[in-house]
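Those sequence lines, one after another, are chains A and B. For the first sequence, position 353 (counting from the first letter as 1) is numbered 353 according to the numbering used here, and the numbering increases by one without interruption. For the second sequence, position 19 (counting from the first letter as 1) is numbered 819 according to the numbering used here, and the numbering increases by one without interruption. Below: the structure, in structure tokens.
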Amino acid sequence: MKFTITWLKQFLEIDASLNEISLALTSLGLEVDEIIDRSAELKDFIVAEILAAEPHPNADKLRVCRVFDGSKELQVVCGAPNARAGIKVVLAPIGAIVPANKLEIKQSKIRDVESQGMLCSAVELKIGNDSSGIIELDANYQVGTPFITASGLDDPIFDLSVTPNRGDCLGVYGIARELAALKLGTLKPLESLPVIDDGTECPIKVETDNNIGCKRLLARFFRGVDNNKKTPDFVTDNLQAVGAKTISPAVDITNWVCMSYGRPSHVYDADKIVGNIKIRKAIKDEKFVALNETEYTMKGGELVISDEEGIISLAGVIGGKRTACDQNTANILLEIAVFDPGEVANSGRYHMIETDSRYRFERKIDENFLQQADFILSAMLLKYCGGTASKNLDRIAQEQSSKRIKYSSLLFARKAGFKLPLETIISLLESLGFRISAKQEDAFEVAVPSFRNDIEIAEDITEEVLRLYGYNNIPSITLLSEGKISKPPIAKKFSVAKQLVRLLAIQGYHELVTWSFMKKEKAEKFAELEDKIAIVNPISVELSYMRPTIIANLLDALKINQERGFSNLSVVEIGPVFSSSHPNLQTKVCAGVRSGFANLKSIHNKAEKFNIFDVKRDLFMLIGECGFDADKMNLVQDKVTPRYYHPSQSAALFMGKNLIAYFGKLHPQILKCYELDMDTYAFELFLDNIPETKSKAGKKIATGFSDYQSVKRDFAFILDKKFPAGSLIKMIEALDKKLIQAVEIFDSFEGSAVGENKKSIALNVTIQARDRTLTEAEIEQLSDRIIAEVSHKAGGVLRR
Amino acid sequence: MTKNLDDIKQKLPSLIKKIAEVDEFKHLEEIRVEYLGKNGQITALMKMMVTLGEAEKKQLGKDVNEFKQQVTEALDARKDFLEQLELERRLKSEWADLSLPPKFYTRGTIHPISRAISEISEIFATMGFAVAEGPEIEDDFHNFDALNIPLNHPARQMHDTFYMPNSLLLRTHTSNVEIRHMKDNKPPYRIIAPGRVYRYDFDATHAPMFHQIEGLCIDENITMANLKWTIIEFLKAFFEKDEIPIRFRPSYFPFTEPSAEVDIACKRTKNDLIIGEMDSWLEVMGCGMTHPNVLANVEVDSNIYQGFAFGMGVERLAMLKYGISDLRDFFGSDLRWLKHYGSNPYNVPSMTGGLSE
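Next comes the structure, spelled out in structure tokens:
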């Protein structure tokens, strides 16, 4: 919402400074985006006249102009095709700084001809888009006066962001009304003289199918107007200052009223209307050419105004080209209507037409501001376009009754948290136009003014009181005395996730945050595409599909950094992944990749690449942090991991049927897609599938340390190459849980020494009893059982 | 016999002196063998003693022992000395060049968004707010309808939503978590909801995905004045300033009434933005008293319960606090940026141990 100070002053007696007005608007909830004050930037530019323009002796396209700046004659070289004698122009004298490029004008020679300034285009002054030539000012501009005052550009412009509930502030008058409520100025009375009509009825009748979509419509016929007149200066100045186009007096006047009072209306060229008009719903595939020269095909059901030939206006959104007013228009039909905000929003949104009218209807207009608008519009049309007016035709000439809300100073105190005297509350409300009645002790009834469509409940009234009282005057009262703190404040799942990232970062991982969506073509390299997780209205094809895995994005990160010369990298992200196989289409995953060298060659050690057991360690550590022993989970190696993993160097972990994690080496083909040179290992931990462990409130189970001597025994077994040697640990531990304290695998090798398709696994078993020192015989016996068990269950042969 | 003894006695001072001058272990050993060894002079004397009478034996024994003891002590002392000398020599020879680089050590970083969320959660934890989380693919009800944003409401356009098939959408705020929390639990409520949110907007200052923290506090007597206290205390704690000029101004959100936006004072210098110094105002969050319609939508009686809600953008707060200038860098995965703006994983934010790094 833009307006100038001069525009505001047409409705408000005000002496306050720009800064005071700005602060007041802010405190009222009307956010000031910008105050555009061009007086400083344009202060040096002068209205001048070209006395003569001669061709430049050394350049075809340049002219040498003799320019009068009000006190002296200057010679200025100009390249504009429209530079000619007799026109009034904007001169940038020596020393002026051109707003568009910030260049200072200096005395110079252009192709050997002296130039003492510059003649400016609209683009150079940042006041318009025309760069085809220099600005040609009206003849009535006084030569020698500063351009800024002559043009009215010294009028500061306010640009407000009005929240969507405040339709009443989408007119300058509404802003004035708010400032007046804050006692920052006095509101001027509105035009109240009834229209002097010529006694005729409106010759064009208005029919409706039903009243749905149009609560009220007021029409008036203007005869013998001259739409070729000049739009009054104040209207032109106001409109131009906020960047609105001026078209013709009749159209400009409706636009000005729209912006001044937030009241849209429309003027038709009455001679172009065929027969009577009708408010109806559009028929499917009906065509309509709007004022913006675009043809629209109706989807059917849009609220429209039509004559006997078809649609002449998309109600509340935009008028039609066929019935548009132009210079030759002699008779006008004025339409002031109350269209349903939903109807206007729907058709505007569907056809993607944004207009000032739609904007205001959507945010609700003052439904009782019809008669008044008729007075204002008719008076202006008669005054500036001439002609006579018919009587008005007012369908359903009924004012809406005002909403009433029960309120009390108690209600105020309960919500606000502090008390205000009843009189203060009432006086604040009254200054906003609310009427108070039925006062009983501290309670009363509030009648809402018709322009405040946003006020519906007592809470709205509380906001009004606070708004005017000043939000910054609300006291600050501690929350700690209210209610009680009973639960652990940080949810366990949330803190565990944070802890996991922390642990990984300690191990060298960098935490990333990457997009939840990606390119379809990328996603399909990782998973089967599913319609259910494709975004209907993506912002770009690059971000059109919800990620099926985080790994894809982590590989992007590796690629980006590899290109910058960092190819040894570990990265992790915790976030959602999406698939219809997850409940609610999503699940939370902690995913990490490691690539390149874990240790670079140095004076201390040899270079060492990451391998699969680095990520296995990381993953198992995380699972431990979640309160579970990954070694006790079910590790499944073949054909269980997604396609981006190496088929024989990857595995999944399950807890019952629940998938807990994947880990492994990434598939070389995937790495090739990303042009990654180094072997890369990954894990994905499905956090939502891990049961939440109950808090033991810090309690731990009692220890059972043994003080008797422990014995360590080494074993080496020859096993089939594909036998999961890791399972030996559980197998041996299960033999005697009391005596076997630990089983560790300390060596694994393959080669001719152990035979083809075989491997040798060396174990170290710790044996200890809690109640005695074991005898050699007992230890021997247990060793024999271990050997027998491995032989029996794993086909292992002891290496002697 | 006595002569031998006398000889030895006479020799003692020069022997002690000799021992004290020995500079090799093997010479010490030679002396030990000469006197105390199996065939040494002292040992020979001891052996001879068996042939002597009782009184003589006693006298001689005493003298021999004394001699033996003095020699032994001298030998031990010299041995210790030589050992010390030897150690010193060895240590000197073990000189190492400590200017060489230390062993390789990697440590990763915590992303600033994560860091900011942790810090913010810590502050609210001290005010009794628990953390709640919820889904990012949401339905109209939890994202819009329940929050008093009906279909044709202009506010739905403010949000510029990403839509998914089957009438689902990507949540535009984490307020959906508040709705779910209220539906699943009985009042009072005191939660914050951090998480990813999505809006159809992509330019230098908007990302289609960003992070929000929404907060909700509902009880019997929670007021606008409590809201103000909560926000002010939070901002002071987060930016670690005792006093920050903070401005509340009226605004509009369909799910709160009254509604407010919160600005903090800041000062822009050539390369920096200083929080808390009055020069201009910077919007940091929105808040307000939860709209009775919202409470009704989750079947909470607004005649008994009332309270406030607030929402803030994590990236924005992180940018202000840590001095990050470009929003897009958060999602750029640039190692150099991560090392610079990421935080040390050992440094865990807490209200007792220090919130910031």
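In this text, a Cβ means the ideal position worked out from N, Cα and C, and glycines have one as well.
What is the C-beta distance between residue i and residue j, in whole angstroms, given that I count them as a contact (C-beta under 8 Å)?
i, j, result
"H1091(B)", "E1057(B)", "5 Å"
"G243(A)", "D340(A)", "With a Cβ gap of about 29 Å, G243(A) and D340(A) do not count as contacting."
"V317(A)", "R280(A)", "Actually they are not in contact, since the Cβ atoms of V317(A) and R280(A) sit about 15 Å apart, beyond 8 Å."
"E528(A)", "N553(A)", "Rounded, the Cβ-Cβ distance is 19 Å, inconsistent with contact."
"R996(B)", "M1009(B)", "6 Å"
"L728(A)", "L763(A)", "6 Å"
"H56(A)", "V64(A)", "5 Å"
"P1149(B)", "E922(B)", "5 Å"
"D618(A)", "G592(A)", "6 Å"
"C169(A)", "L393(A)", "Contact flag wrong, Cβ pair sits at about 30 Å."
"I405(A)", "I461(A)", "6 Å"
Can you name the residues of chain B whose CB is closer than 7 Å to the CB of residue i?
i, result
"H510(A)", "G908, T909, L1135, L1138, G1142"
"V536(A)", "Y963, M964, P965"
"R594(A)", "Under the 7 Å cutoff, chain B gives no residues; its nearest Cβ is about 11 Å from R594(A)."
"A416(A)", "T1023, M1024, A1025"
Which bits of chain B does residue i rub up against, with CB to CB less than 8 Å?
i, result
"N19(A)", "Going along chain B, no residue has its Cβ under 8 Å from N19(A), so there is no contact; the nearest lies around 12 Å."
"N561(A)", "S1133, D1134, L1135"
"A40(A)", "The premise fails here: A40(A) is roughly 18 Å from chain B at the closest Cβ pair, so nothing lies under 8 Å."
Who are the near neighbours of residue i in its chain, counting only those whose CB is closer than 6 Å to its CB and skipping five residues on each side?
i, result
"S437(A)", "E445"
"E362(A)", "P341, V344, A345"
"P994(B)", "I917, I1013"
"S131(A)", "S121, V123"
"S1059(B)", "S1051, Y1052, F1053, G1088"
"A630(A)", "F620, I623"
Grab me the residues of residue i's own chain with a C-beta within less than 7 Å of its C-beta, minus the 5 sequence neighbours each way, in chain order.
i, result
"L428(A)", "V465, L468, Y469"
"K532(A)", "S580, L585"
"C626(A)", "V496, I690"
In chain A, what lies closer than 8 Å to residue i by C-beta?
i, result
"S918(B)", "K498"
"H981(B)", "Near H981(B) there are no residues of chain A at all, since even the closest Cβ is about 11 Å away, more than 8 Å."
"H1091(B)", "E459"
Could you work out which residues of chain A lie near residue i, taking near to mean beta carbons separated by less than 7 Å?
i, result
"M1009(B)", "W515, S516"
"S1051(B)", "G29, T163"
"Y1122(B)", "Under the 7 Å cutoff, chain A gives no residues; its nearest Cβ is about 14 Å from Y1122(B)."
"K1161(B)", "Here chain B has residues from 801 to 1157 only, and residue 1161(B) is not among them."
Where does residue i land, buried or exposed, given buried means 16+ other C-beta within 10 angstroms?
i, result
"F1140(B)", "Residue 1140(B) is actually His in this sequence, not Phe. By the neighbour-count rule (16 or more Cβ atoms within 10 Å), H1140(B) is not buried but exposed."
"V1094(B)", "buried"
"V541(A)", "exposed"
"I1104(B)", "exposed"
"F924(B)", "buried"
"A234(A)", "The residue you asked about is not Ala; residue 234(A) is Phe in the sequence shown. Exposed: under 16 other Cβ atoms inside 10 Å."
"W895(B)", "exposed"
"S265(A)", "buried"
"G262(A)", "buried"
For residue i, which residues in the same chain have their Cβ closer than 8 Å to its Cβ, ignoring the five residues on either side in sequence?
i, result
"D1160(B)", "No answer is possible for residue 1160(B): the residues shown for chain B start at 801 and end at 1157."
"G755(A)", "I718"
"M731(A)", "E789, V790, K793, A794"
"N276(A)", "I204, K205, V206, E207, D307, E308"
Quick one: is the Cβ of residue i within less than 7 Å of any heavy atom of the ligand HEM?
i, result
"I949(B)", "In terms of ligand content, the structure shown is empty, and the ligand HEM therefore cannot be addressed."
The region 992 to 1007 of chain B in contact with the region 1037 to 1053 of chain B per 3-pair CB rule at 8 Å: no
The region 911 to 920 of chain B contacting the region 1017 to 1029 of chain B, beta-carbon criterion three pairs below 8 Å: no
Touch test, the region 185 to 198 of chain A against the region 288 to 306 of chain A, Cβ-Cβ under 8 Å, three pairs minimum: no
Cβ pair count under 8 Å reaching 3, the region 243 to 257 of chain A against the region 393 to 412 of chain A: no
Contact between the region 557 to 567 of chain A and the region 651 to 667 of chain A (3+ Cβ pairs under 8 Å): no
Three or more C-beta pairs below 8 Å linking the region 761 to 775 of chain A and the region 741 to 751 of chain A: yes
Stretch-stretch touch, CB-based, cutoff 8 Å, three pairs: the region 341 to 351 of chain A with the region 370 to 386 of chain A: no
Inter-stretch contact at 8 Å, needing at least 3 Cβ pairs: the region 612 to 621 of chain A / the region 692 to 708 of chain A: no
Cβ pair count under 8 Å reaching 3, the region 444 to 459 of chain A against the region 7 to 27 of chain A: no
Segment contact, 8 Å Cβ cut-off, at least three pairs: the region 74 to 94 of chain A with the region 120 to 140 of chain A: yes
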